[in-house]
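Asker: These protein sequence lines are chains L and G, in that order.
Per my numbering, the very first residue in the first sequence carries number 10; after that it's consecutive.
Per my numbering, the very first residue in the second sequence carries number 10; after that it's consecutive.
C-beta: ideal position from N, C-alpha, C; glycine also.
Protein chains: 2
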Amino acid sequence: MTGQLDDRALDTAEITRQEALYAPLARSVRQLIDAAIRTQVDEATIAEATVALEQIAGRLSARQIEASYGVQTAITGVQRGWASPVTGVRNPIAPPIDLRHLADCEVAADFEVGAAYEGPPGLVHGGVSALILDHVLGEAVHAAGHWGMTGTLTLRYRRPTPLGRLHTAARIDRAEGRKVFAQGHIADDGGVTVEASGIFILPASSVEGL
Amino acid sequence: MTGQLDDRALDTAEITRQEALYAPLARSVRQLIDAAIRTQVDEATIAEATVALEQIAGRLSARQIEASYGVQTAITGVQRGWASPVTGVRNPIAPPIDLRHLADCEVAADFEVGAAYEGPPGLVHGGVSALILDHVLGEAVHAAGHWGMTGTLTLRYRRPTPLGRLHTAARIDRAEGRKVFAQGHIADDGGVTVEASGIFILPASSVEGL
């Protein structure tokens, strides 16, 4: 990937130090996301909090990465993952999901989603399941030694997915030329709730379009 | 919907007052989401901000809605939309997208997504496009007088979607029994980047599974 440094360019201690700095910041913003949706404190406290949060955002933004995170040239592979809206420890939008790489190139994770990811009352928003599954299937493609962008993604919602503790897993089926076929699911304690299948396109053709 | 109050139960002035209170709070948290990903200020400032944000989250959480937002019984239809992860003015995860209802039951919006929604460098995460399109298609189903949960959703990624200013639109094709067929897209200045088609299932069958 253009401009991507080898992870060895930053020693492990330095990467650990940076994660120990940025991950708690993102965690505190995740608490605020939940609080913004669920708070029932009095009007004065909310107004006061809003002003304080704007001031802190201003201080944090005083010096920042130009444009988006991923376009930086001096960034390692490990750091690149920190900004993902699904798995990124530095992105407060991400639950974040901590994917494990299993045998046979399968990836899997247990995770938890709360109020910020709600669609129908008490249930995960269907689009949130789609967001997660696109990422998890892409990670399975990566685990199998490929790197591709999503070409087609199909989601089948078998039954409602409740908010709370969930499981996800994905693996690739096969590769044909520049196409890699992957499938995965989200499950609760009662079994699969959403299934996904996707075709991922390796870089050269993804740039040219399908 | 169970427990949903008629919007007339809260007068318009009261709904406007609540939105004027909660929307700025969510906006300030959106600034913090972006700042958490992009900040390059010194370590001491980040550590201090983290502690301050945790304290504010604690104050806001001192009194809050039990579990998730949507399971409240005393909530109007207008308020229910406030917590959506796509369109909700009270949900900091949402850009938020402000959908307009056009003629012929089409829904559409211009919107902007930044660093928090990035997948490949400078591009919208494919799963974020899926999240948005699931919601926009569902809203088209709603605009046509139905209410359904996603049964199947298929996304075709025509070319990469750049971060920045984008457009989305959706409409329903037809209804057959309990199934409503919808389609939509996301576009940049150069035209369509992602297409979606979905089958939405009306409530009775969605509860029983497909």
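#1: Of the residues that make up the stretch 139 to 172 of chain G, which ones have a beta carbon closer than 8 Å to any beta carbon in chain L?
#2: In angstroms with no decimal places, state the Cα-to-Cα distance between L:V98 and G:E115.
#3: Along the chain, where does the alpha helix (DSSP H) containing L:Q49 start, and where does it finish?
#4: Please give me, in chain order, every unbroken run of the beta strand (DSSP E) with length at least 3 that falls completely inside the stretch 151 to 184 of chain G.
#5: Taking Cβ positions, are G:L164 and L:T163 nearer each other than 9 Å?
#6: Of all the CB atoms in chain L, is at least one closer than 9 Å to the CB of G:A66?
#7: In chain L, which residues lie with their C-beta within 8 Å of the C-beta of G:V80?
#8: Leaving out five residues on either side along the sequence, give the residues of the same chain with a beta carbon under 7 Å from the beta carbon of G:A112.
#9: By Cβ distance, which residues of its chain are closer than 8 Å to G:Q13, with the 5 residues on each side in sequence left out?
#10: At a cut of 8 Å, does the stretch 100 to 108 of chain L reach the stretch 69 to 82 of chain G through at least three beta carbon pairs?
#11: Name the chain L residues that come within less than 7 Å of G:Q49, Cβ to Cβ?
#12: What residues are listed by DSSP as bridge partners for L:G200?
#13: In terms of alpha-carbon separation, which member of G:V189, G:R72, G:Y166 lies closest to G:G200?
#14: Return yes when the Cβ of G:H194 is within less than 9 Å of the Cβ of L:H134, no when it is not.
#15: So, using beta-carbon positions, are G:Q192 and G:L132 closer together than 9 Å?
#16: DSSP on L:I141, reduced to helix/strand/coil?
#17: If you draw a straight line from the alpha carbon of G:E127 to that of L:L142, how long is it in whole angstroms?
#18: Enumerate in chain order the residues of its own chain whose CB-to-CB distance from G:I181 is below 7 Å, with the five nearest sequence positions on each side excluded.
#19: Kindly list, in the order they appear in chain L, the residues whose Cβ is closer than 9 Å to that of G:L30.
#20: Taking all protein chains shown into account, do 16 or more other C-beta atoms lie within 10 angstroms of the C-beta of G:G186, making it buried, or fewer, making it exposed?
#21: Could you name the residues of the stretch 96 to 110 of chain G whose beta carbon sits closer than 7 Å to any beta carbon of chain L, in the order they occur along the chain?
#22: Quick one, are the C-beta atoms of L:T54 and G:R174 less than 9 Å apart?
#23: Buried or exposed, going by whether 16 or more other CB atoms sit within 10 Å of the CB of L:H110?
#24: Taking G:L41 as the query, report the chain L residues whose CB atoms sit under 8 Å from its CB, ordered along the chain.
#25: Kindly list the residues whose CB is nearer than 6 Å to the CB of L:P105, restricted to its own chain and excluding five residues on each side of it in sequence; keep chain order.
#26: Do you know whose CA, among L:S77, L:G157, L:A29, L:V50, lies nearest G:R72's CA?
#27: Pick helix, strand or coil for L:Q81, following the three-state DSSP scheme.
#28: Which residues in the same chain have their Cβ closer than 6 Å to the Cβ of G:G157, if we skip the five residues on either side of it in sequence?
#29: Straight-line CA distance for G:V203 to G:A139?
#30: Please tell me whether L:V38 and G:P94 are closer than 9 Å, where the distance is taken between their beta carbons.
Answerer: Looking at the coordinates:
#1: Residues of the stretch 139 to 172 of chain G that bring their beta carbon within less than 8 Å of a beta carbon in chain L comprise A139, L140, I141, L142, D143, H144, G147, M158, T159, G160, T161, L162, T163, L164, R165, Y166, R167, R168, P169, L172, in sequence order.
#2: Taking the straight line joining both Cα atoms gives about 38 Å.
#3: Where L:Q49 is concerned, there is no enclosing alpha helix (DSSP H), given that its DSSP letter is neither H nor E.
#4: Secondary structure in the stretch 151 to 184 of chain G: the beta strand (DSSP E) runs of 3 residues or longer, each lying completely within the stretch, are 158 to 166 in chain order.
#5: Yes, the pair counts as a contact, with Cβ atoms nearer than the cut-off.
#6: Interface residue, yes.
#7: Per Cβ cutoff of 8 Å: P130, G131.
#8: Nothing listed; no residue qualifies.
#9: Residue confidence is low: G:Q13 scores 49 on pLDDT, short of 50, so the model does not pin down where it sits. Its coordinate-derived value is still stated next. Close CB contacts of G:Q13 within its chain, under the 8 Å cut and outside five residues either way in sequence, are with I84, T85, G86, R89 (chain order).
#10: Counting C-beta pairs closer than 8 Å gives fewer than three between the stretch 100 to 108 of chain L and the stretch 69 to 82 of chain G, which falls short of the contact rule.
#11: Neighbours of G:Q49 on chain L, chain order: R72, Q73, I74.
#12: L:D197, per the DSSP bridge assignment.
#13: Sorting G:V189, G:R72, G:Y166 by C-alpha distance to the C-alpha of G:G200 places G:Y166 at the top.
#14: No, they are not a contact pair.
#15: It is not a contact, given that the beta carbons lie outside the stated cut-off.
#16: Residue state, collapsed to three classes: helix.
#17: Going by the C-alpha atoms only, they are around 16 Å apart.
#18: So the qualifying residues of the chain are C114, A149, V150, A153, V189, F190, A191.
#19: Within 9 Å Cβ-Cβ: E52, I55, A56, T59.
#20: Counting the other Cβ atoms within 10 Å of the Cβ of G:G186 gives fewer than 16, which makes it exposed.
#21: Answer in chain order: R99, N100, P101, I102.
#22: Cβ atoms of L:T54 and G:R174: not closer than 9 Å.
#23: With fewer than 16 Cβ atoms within 10 Å of its Cβ, L:H110 is classed as exposed.
#24: What G:L41 touches in chain L: V38, L41, L62, I65, A66, L69, P101.
#25: Contacts found: T96, G97, V98.
#26: The shortest C-alpha separation from G:R72 is found at L:V50.
#27: In this structure, L:Q81 counts as coil in the three-state DSSP scheme.
#28: If you ignore the 5 residues before and after G:G157, its C-beta comes within less than 6 Å of the C-beta of V150, V189, F209, I210, L211, all in its own chain and listed in chain order.
#29: One alpha carbon belongs to G:V203, the other to G:A139, and they sit about 9 Å apart.
#30: Not in contact: L:V38 and G:P94 (Cβ atoms no closer than 9 Å).
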